[in-house]
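Here the sequence shown stands for residues 29 to 283, numbered as in our numbering.
The C-beta atom is built at its ideal place from N, Cα and C for all residues, glycine as well.
This one's a predicted model, so the numbers in the text were calculated from it and none came from an experiment.
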Amino acid sequence: MATALVIENDPTDDLRRLGEWLTEGGLELRVLRPHAGDALPADLDGYAALVVLGGDQQAYPLADDSPGAPWFPALEGLLRKAVRHRVPTLAICLGAQLLATAHAGRVERSPSGPEIGPTVVGRRDAAETDPLFRYVPLMPDVLQWHADEITELPHGATLLAASTRYPHQAFRLGDRAWGLQFHIECDTAMIAEWSHDSATLAELGYDPELVVAACDRAMADVEEAWQPFAIRFAALALGELGDDSPRRSLPLLGA
Numbered sequence: 029m030a031t032a033l034v035i036e037n038d039p040t041d042d043l044r045r046l047g048e049w050l051t052e053g054g055l056e057l058r059v060l061r062p063h064a065g066d067a068l069p070a071d072l073d074g075y076a077a078l079v080v081l082g083g084d085q086q087a088y089p090l091a092d093d094s095p096g097a098p099w100f101p102a103l104e105g106l107l108r109k110a111v112r113h114r115v116p117t118l119a120i121c122l123g124a125q126l127l128a129t130a131h132a133g134r135v136e137r138s139p140s141g142p143e144i145g146p147t148v149v150g151r152r153d154a155a156e157t158d159p160l161f162r163y164v165p166l167m168p169d170v171l172q173w174h175a176d177e178i179t180e181l182p183h184g185a186t187l188l189a190a191s192t193r194y195p196h197q198a199f200r201l202g203d204r205a206w207g208l209q210f211h212i213e214c215d216t217a218m219i220a221e222w223s224h225d226s227a228t229l230a231e232l233g234y235d236p237e238l239v240v241a242a243c244d245r246a247m248a249d250v251e252e253a254w255q256p257f258a259i260r261f262a263a264l265a266l267g268e269l270g271d272d273s274p275r276r277s278l279p280l281l282g283a
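Below is the structure:
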């Protein structure tokens, strides 16, 4: 069985439903938790795919110019190697931001303010030829929980989904690496944990119970849109998905 390497950046954002879908698609999952002291590998030899999850950290340097987490430089190196060597990659929220910064994109505190709760994003025309996004609905349901955003995509990236306030909701680098600003992995329990004593919700004046209830009502619609997406990603990693999308040449940053 092929194995996907999963990087969990934050103990409150694990694989949840995405893990079930990828396993259903035939992948074995090896989860590394650098927040708990797990060391990242130097390369992706032996792995069929890379999955990078979200977290409460920031993808850009802190005020003292140190990385948002000690392992982020090594993780960005892995993301560059994944794109260079065409290892199927799925990066979610913070993971997508790190995929962008690893390839000279820009991530900043969003000038539009935090985005939290269930919403929809709009699929772009380029999604029609994307091996995963071509089957995603035109306006798929997603779950949002971020205060930072990708304000500049890496050179050569293909924008696949957007929204009015946050234009870079999903993108592809090369032909096998996808970044999603939104969340598809969450279940209601995860949202409830995030909502408990959330300073961001308090700042926005949102009632945590109403946020959890709204997300809970959207769970079935999120699954309908993104479970097939995850299954197709697993099929790509297993070599079972025909790849007739055009390849894009990218500048190769330092591995």
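Classify residue 90: buried if its beta carbon has 16 or more other beta carbons within 10 angstroms, exposed otherwise. Counting from 1 along the sequence shown, the entry for residue 90 is found at position 62. Residue 90 comes out exposed.
Segment contact, 8 angstroms Cβ cut-off, at least three pairs: the segment 121-141 with the segment 85-105: Taking one beta carbon from each stretch, the segment 121-141 and the segment 85-105 have 3 or more pairs nearer than 8 angstroms; the two touch.
Please look up how many angstroms separate the CB atoms of residue 261 and residue 118, rounded, as I've assumed it's under 8 angstroms. Residue 261 sits at position 233 when you count from the first residue of the sequence shown. Residue 118 sits at position 90 when you count from the first residue of the sequence shown. About 6 angstroms separates the beta carbon of residue 261 from that of residue 118, a gap short enough to meet the 8 angstroms contact definition.
Residue environment, residue 265, which counts as buried when at least 16 other CB atoms sit within 10 Å: To locate residue 265, count along the sequence shown from 1; it is residue 237. Residue 265 should be labelled buried.
Can you tell me whether residue 66 is buried or exposed? The criterion is at least 16 other CB atoms within 10 Å of its CB, across all chains shown. Translated into positions along the sequence shown, residue 66 becomes position 38. Counting every other CB atom within 10 Å of its CB across the protein chains shown gives residue 66 a total below 16, marking it as exposed.
Tell me where the alpha helix (DSSP H) around residue 228 begins and ends. For the purposes of this step, residue 228 is taken as the residue at position 200 of the sequence shown. It spans 227-232 - the alpha helix (DSSP H) in which residue 228 sits, taken as one unbroken run.
Burial state of residue 140 (16 or more Cβ within 10 Å): Sequence index remark: in the sequence shown, residue 140 carries index 112 (1-based). Sixteen is the threshold: since fewer than 16 other Cβ atoms of the shown chains lie within 10 Å of the Cβ of residue 140, the residue is exposed.
Proximity winner among 56, 74, 42 and 225, relative to residue 29 (alpha-carbon distances): In the sequence shown, the residue the question calls residue 29 occupies position 1. Minimum Cα distance to residue 29 is reached at 56.
Ignoring anything shorter than 3 residues or poking outside the segment 151-201, list the beta strand (DSSP E) runs there in chain order. As summarised for the segment 151-201, the continuous beta strand (DSSP E) elements at least 3 residues long and confined to that stretch are 169-174, 176-180, 186-190 and 198-201, given in chain order.
6 angstroms Cβ shell around residue 206 - same chain, five flanking residues per side excluded: Within the sequence shown, numbered from 1, the residue matching residue 206 stands at position 178. 118 and 200.
Note the first and the last residue of the continuous alpha helix (DSSP H) segment covering residue 78. Numbered from its first residue, the sequence shown carries residue 78 at position 50. Looking at the DSSP string, residue 78 is not in any alpha helix (DSSP H); the run it does join, the beta strand (DSSP E), is 77-80.
Can you tell me the Cβ-Cβ gap for residue 160 and residue 257, rounded? I've got them flagged as a contact below 8 angstroms. Along the sequence shown, one-based indexing puts residue 160 at 132. Along the sequence shown, one-based indexing puts residue 257 at 229. That belief holds up - the Cβ atoms of residue 160 and residue 257 are roughly 6 angstroms apart, short of 8 angstroms.
Those runs of the beta strand (DSSP E) which lie wholly inside the segment 34-103 and span at least 3 residues: As far as the segment 34-103 is concerned, its whole beta strand (DSSP E) runs of at least 3 residues are 56-60 and 77-80.
Could you check how far apart the C-beta atoms of residue 78 and residue 130 are, in whole angstroms? I think they sit under 8 angstroms. In the sequence shown, counting from the first residue as 1, residue 78 sits at position 50. In the sequence shown, counting from the first residue as 1, residue 130 sits at position 102. So it is not a contact: roughly 12 angstroms between Cβ atoms.
So within the segment 100-145, which uninterrupted beta strand (DSSP E) runs reach at least 3 residues, ignoring any that extend past its ends? List check, beta strand (DSSP E) in window: 117-120 and 134-137.
How should residue 248 be labelled, buried or exposed, when 16 other C-beta atoms within 10 angstroms of its C-beta is the threshold for buried? Residue numbering aside, residue 248 sits at position 220 when the sequence shown is read from its first letter. Within 10 angstroms of the beta-carbon of residue 248 lie fewer than 16 other beta-carbons, which makes it exposed.
Can you check DSSP and say which residues form a bridge with residue 148? Here residue 148 is taken as the residue at index 120 of the sequence shown, counted from 1. According to DSSP, residue 148 bridges with 169.
Have a look at 115, 47, 48 and 93 and flag the residue whose alpha-carbon is nearest the alpha-carbon of residue 72. Residue 72 sits at position 44 when you count from the first residue of the sequence shown. Minimum Cα distance to residue 72 is reached at 115.
Which of helix, strand or coil DSSP assigns to residue 253: For the purposes of this step, residue 253 is taken as residue 225 along the sequence shown, with counting starting at 1. In this structure, DSSP gives residue 253 a helical state, which the three-state scheme calls helix.
With DSSP as the reference, please indicate the residues paired to residue 207 in a beta bridge. Locating residue 207 in the sequence shown gives position 179, where the first residue counts as 1. According to DSSP, residue 207 bridges with 119 and 199.
One question on the structure: do residue 49 and residue 219 come within less than 8 angstroms of each other, judged by their Cβ atoms? Within the sequence shown, residue 49 is the residue found at index 21, counting from 1. Within the sequence shown, residue 219 is the residue found at index 191, counting from 1. It is not a contact, given that the beta carbons lie outside the stated cut-off.
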